[in-house]
Amino acid sequence: MKEPLATKYSFKDIEEKHYRSWEENSLFHAGIDSRKTPFSIVIPPPNVTGILHMGHALNNTIQDILIRYKKMNGFEALWMPGTDHAGIATQNVVERKIAREGTSRQKLGREKFLERVWEWKQEYGSTIIRQLRSLGCACDWQRTRFTMDEEYSDAVLEVFVRLYEKKLIYRGNYIINWCPRCQTALADEEAPHKDVDGFLYHIKYPLKDSPEYVVVATTRPETMLGDTAVAVNPRDGRYQHLLGRTVLLPLMEREIPIIEDDFVDPEFGTGAVKVTPAHDPNDYAMGRRHNLQFINILHPDGRCNENAGDYAGSDRFEAREAILEDLKERRLLLKIEPHKHAVGHCYRCHTVIEPYLSKQWFVKMKPLSIPAKKAVEEGTIKFYPERWTKVYLNWMENIQDWCISRQIWWGHRIPAWYCGQCNPQLKVYIEPKGGRVDKDEKISLARFDIPLDEITVLADIEPIISKTKPCCPHCESGDYMIQDPQVLDTWFSSWLWPFATFGWPFNQKTEDRKQKTAEDELNYFYPTSVLVTAPEIIFFWVARMIMAGFEFMGDVPFRDVYIHGTVRDDTGKKMSKSLGNSIDPLDVIAEYGTDALRFSLISIAAMGQDVFLSKEKFEFGRNFCNKLWNASRFILMNMDDKTVSGVDFKKEKLALAEAWILSRFNSTLKNLNKALETYRLNEAAGVLYEFFWHQFCDWYIELAKLNIGESNTQAVLLSVLERSVLLLHPFAPFITEEIWQKVTPQAGPVMTQPWPQVEECLIDEKLELDMQRVIDVCVAVRNMRSENNIKPKEKKVLQIFTEDKAARETLSVYAEYLKRLANISELTFCEEVPKKTSCASSVVAGCQLFMPVEGLDVGCEKEKIAQQVSQLRRHISRKDSLLSNENYLKKAPPEVVEKEKQSRRQLQEELEKLEAINNALK
RNA sequence: GGGCGCGUAGCACAGUUGGUUAGAGCACCUCCCUUACAAGGAGGGGGUCGUAGGUUCGAGUCCUACCGCGCCCACCA
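In terms of this note's numbering, the first sequence opens at residue 362 and continues consecutively.
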């Protein structure tokens, strides 16, 4: 007798204990092992601001399953963990925090503020890492990276310099997406468009020196303050007479020309467009084509600036209202119609973004996209599910240059420098207020800082690009170097994640040996095997990693991309903290246990489909864990000391039940492997669930109770349990570890065990059919009991009539099974259908079953049979018409036809048997 | 304006390349505290697979149109 399991499964006692021991034994660590094939995953680094939500739980459970599965299959499996500095998000969090202390980043200044961010990061930045541990993630924690680590930052700057030197990074003056709240530029992907119910305002623009006017339509009337033209389509007959004339811009009283441009759609609005080159991308293009004036009317915070005349100082939306009022007063507002249109919003704070003309740093994407596109087209990288390839390729096809400069402080500072000595306009930034620089005085860095809202002074100065502070090529001094105050887009560091996490480009002057190892490791583990992530970041991250992989490593960053679904609540809304509909994974863990959370999640999540959750759904996993526990408990309770695992079972020596469950086990394993290899994890979980619960527990364990004292029975019970536990381990790591250690105390942790091999020779279809016959008869008997209100405890006798020799043989050999499972006291075979019987009856598996029932309602019984007969007749006639169809016989594959004929015969037999019984009933 | 996903049992979902009478889970009904498990066991009811066509010997599965729901992309003011 082995050490028994506790009567109640208590996940609380085991999760922490096992996780600690896994970590202490370095089970998650992977390194170069030339005897093994590498398998590697880099984690999508959660933001340092992040706290674990269901999306993370799903994402990381998937990765953990793959990692554990591969480890057990003999791969050197590495899961590289880490976090992302999340520039804007983190800066926002810390700004809110210090605001509560009554200060602001402006008051603190750059240096002090960054100190605060680092402090915050030290304190809270590893929250999510801790939470991933409670999820059970087998990450190689000793490798944990952060995108602002010194080494990692070196990679980021290196990449900037290399791309600049290849002329793939440039500075340019363009309309970018500006978030007035975060006060920074955003990439196009960071400003998603949402449909907004707005209005289309029709405004009269009077012609100069004339009572005539032209009507323009706009959704953003406030931008009229920056209008420098009105445009019409050259082919629009209505406006021919206006060409070359001048309009007096209302409110500003500015004279602006009427121009013609093909861009204008005569069908839309009035066919006349106000042109605001500094605040609209299309107008900007027109401005360039027609040499118009570019008038910026906004401060970076969204208030109108001095170019806005009377409206200077007011917020953009207040200005809109005021302008509408003023226009109305002047009878220039012709009409207002409701109009739905797409408006860009900041992906961090959801503020309406403002198209804003400014000089920013860009990456030229087209050259980078070429190999990245090809790799997916040619299948070097595969998406699962496949449909995402189209989305990816479409984006690649229409790729735009990437705006990478951000006007915030938290991030990798752009390695561009300007000499304060040689550029007089910068002098002010290197001199302390009200005085000159004293040569002997140590000049503090703070004095070399250009405030972000003054970066326009850099617009015309040629930068010096250098990872470290350079000397000026003109004055040859480095003393007055001022670094570009802007930082890089967070994704400009994330896109290097698959190789920068290994220490690329290995510039550190640390010990040579260490560096050599790092390089070898990169060679060993790169390209990584699979990337597991959410659809939202295909453009932000996946696509860019592929481009960076080719550009800097000359190869793909990963072979497979597994895109899982979005986690939603059960009404279909995306789960998010701001909507208040989220279920906290930690709550679920506390209530149901980590394994229940994982098993439920993965069972629900069909590949690539969105996941709809409610708290109750986690009962599924909890119930299964409970079942697993109790089955294990039962088996352990019944083991003799001498029972050993790992027996090489010989089919000939096994009874039906044993041979059956081993056959089922091996078929299950085959299906499981197939599902896992193709990322159909829900199916994998489902296959295991079905096998363990509905085959092993429901049937085999029940049958095993008959011969529980026999060594063969015990060996099979133990063997199937052990191997099921191994197979379940990737899905439910904690409970399987606990059971494993109780079952095989000497074997070491589950994760280090080899994955069970399929024993092809034990899979036996014929035998499974035999067992199915037993099961079918058993179910039929239970059914007869249920229909006739016979208590389970009441023993019954059963008579079977069959002309099928095989059936008779199987059922007589395994009569004990039936007796046990259906509570039969005596089982006899009769040579004909009993006459004038008063038995409940059933036709199943080629047999007629009879069970004497006192006071049987014969009428009722006949009625039941009549129903079955008519149903059978319907089926048979359907088959007859099919089988008499010449086209069918000609065109369907012969084996299908044969199957159909056989099925027809079976139905016919069943029908005859039912009728025979019917006739025999009194 | 393009593109994608989804409409299957009361609910929320599986259904891999077309092939017997479409599946488990939860919920529901009946019975059972049978010595692993009531977070359990046994049995049961419930679906013309969104609609209409088409291809095919055969369609939940492929094609077309339409109706609903959701998502993504796009510079129509």
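Don't be surprised by glycine CBs; every beta carbon is placed ideally from N, CA and C.
Per DSSP, what kind of secondary structure is residue i in: helix, strand or coil?
i       : result
TYR574  : strand
ASP676  : strand
THR878  : helix
LEU439  : strand
LYS369  : coil
ASP921  : strand
ASP1059 : helix
SER805  : Any answer about SER805 is weak, because its pLDDT of 43 lies below 50 and its placement is not dependable; what the coordinates show is given next. Looking at SER805 - three-state DSSP - the assignment turns out to be coil, as it is neither helix nor strand.
GLY559  : strand
ILE760  : coil
GLY533  : strand
LYS660  : What sits at residue 660 in the sequence shown is His, not Lys. In the structure shown, HIS660 sits in coil (DSSP, three-state: anything other than H, G, I, E or B).
GLY497  : coil
ALA546  : strand
SER1186 : strand
VAL1077 : helix
GLU715  : strand
Is it buried or exposed, residue i, if we count other Cβ atoms within 10 angstroms and call 16 or more buried?
i       : result
VAL1219 : exposed
PRO611  : buried
GLU376  : buried
MET362  : For MET362, the predicted model reports a pLDDT of 47, less than 50, meaning its position is unreliable; a value from the coordinates is still stated below. Per the 10 Å Cβ criterion, exposed.
SER890  : buried
PHE629  : exposed
VAL636  : buried
GLN1056 : buried
PRO638  : buried
PRO834  : exposed
MET998  : exposed
If you draw a straight line from the alpha carbon of residue i to that of residue j, how long is it in whole angstroms?
i       : j       : result
ALA673  : ARG581  : 17 Å
ASN1032 : ALA966  : 18 Å
GLY1070 : ASN1184 : 20 Å
HIS563  : GLU583  : 13 Å
CYS780  : TRP902  : 35 Å
ARG774  : PRO1110 : 46 Å
GLY796  : GLN876  : Residue placement at GLY796 is flagged as unreliable, the pLDDT there being 46, under the threshold of 50; the coordinate-derived value follows with that caveat. Rounded to whole angstroms, GLY796 to GLN876 spans 48 Å at the Cα level.
ASN1034 : ALA909  : 33 Å
TRP539  : PRO661  : 8 Å
ARG1169 : GLU1019 : 20 Å
TYR600  : PHE973  : 55 Å
ASP814  : PHE521  : 23 Å
ASN385  : GLN424  : One point to set straight first is that residue 385 is Glu, not Asn, in the sequence displayed. Near 21 Å, if we compare the C-alpha coordinates of GLN424 and GLU385.
ALA951  : SER961  : 15 Å
ASP597  : VAL634  : 12 Å
VAL454  : ARG477  : 11 Å
For my contact list, residue i and residue j are in at a C-beta cut-off of 8 Å; report their separation, rounded to the angstrom.
i       : j       : result
PRO1195 : ALA1281 : 6 Å
GLY864  : SER964  : Between SER964 and GLY864 the Cβ distance is about 39 Å, and since that is not below 8 Å, they are no contact.
LEU1172 : LYS1180 : That belief does not hold up - the Cβ atoms of LEU1172 and LYS1180 are roughly 11 Å apart, past 8 Å.
ALA733  : ILE907  : 4 Å
GLU880  : PHE860  : Actually they are not in contact, since the Cβ atoms of GLU880 and PHE860 sit about 11 Å apart, beyond 8 Å.
TRP749  : PHE474  : Their Cβ separation, rounded to whole angstroms, is 39 Å, which puts TRP749 and PHE474 out of contact at 8 Å.
MET433  : ASP501  : Rounded, the Cβ-Cβ distance is 16 Å, inconsistent with contact.
SER730  : ILE765  : No, SER730 and ILE765 are not in contact; Cβ-Cβ is about 16 Å, not under 8 Å.
The ligand NAP and residue i: does any heavy atom of the ligand fall closer than 7 Å to the residue's C-beta?
i      : result
TRP856 : Of ligands this structure carries none, so the ligand NAP is not represented either.
Item to check | Inter-stretch contact (C-beta, 8 Å, three-pair minimum) for the stretch 408-418 and the stretch 478-490 | outcome: yes
Item to check | Sufficient close CB pairs (3 or more, under 8 Å) joining the stretch 1197-1206 to the stretch 1241-1257 | outcome: no
Checklist entry - Okay, do the stretch 380-399 and the stretch 419-437 touch, 3+ Cβ pairs below 8 Å being the bar? => result yes
Item to check | Inter-stretch contact (C-beta, 8 Å, three-pair minimum) for the stretch 1236-1245 and the stretch 1261-1268 | outcome: yes
Item to check | Validate contact between the stretch 695-709 and the stretch 549-563 using beta carbons, cut 8 Å, 3 pairs | outcome: yes
Next on the checklist: Three or more C-beta pairs under 8 Å: does that hold for the stretch 1156-1168 against the stretch 1208-1218?
Outcome noted: yes
Next on the checklist: Quick test of the definition: if touching needs 3 or more C-beta pairs under 8 Å, does the stretch 521-530 touch the stretch 723-738?
Outcome noted: yes
Item to check | At least three beta-carbon pairs within less than 8 Å, the stretch 607-627 to the stretch 705-721 | outcome: no
Checklist entry - Is there contact between the stretch 588-602 and the stretch 645-665, where contact requires at least three CB pairs shorter than 8 Å? => result yes
Next on the checklist: Could you check whether the stretch 941-956 touches the stretch 494-509, counting it as contact only if at least three pairs of C-beta atoms, one from each stretch, sit closer than 8 Å?
Outcome noted: yes
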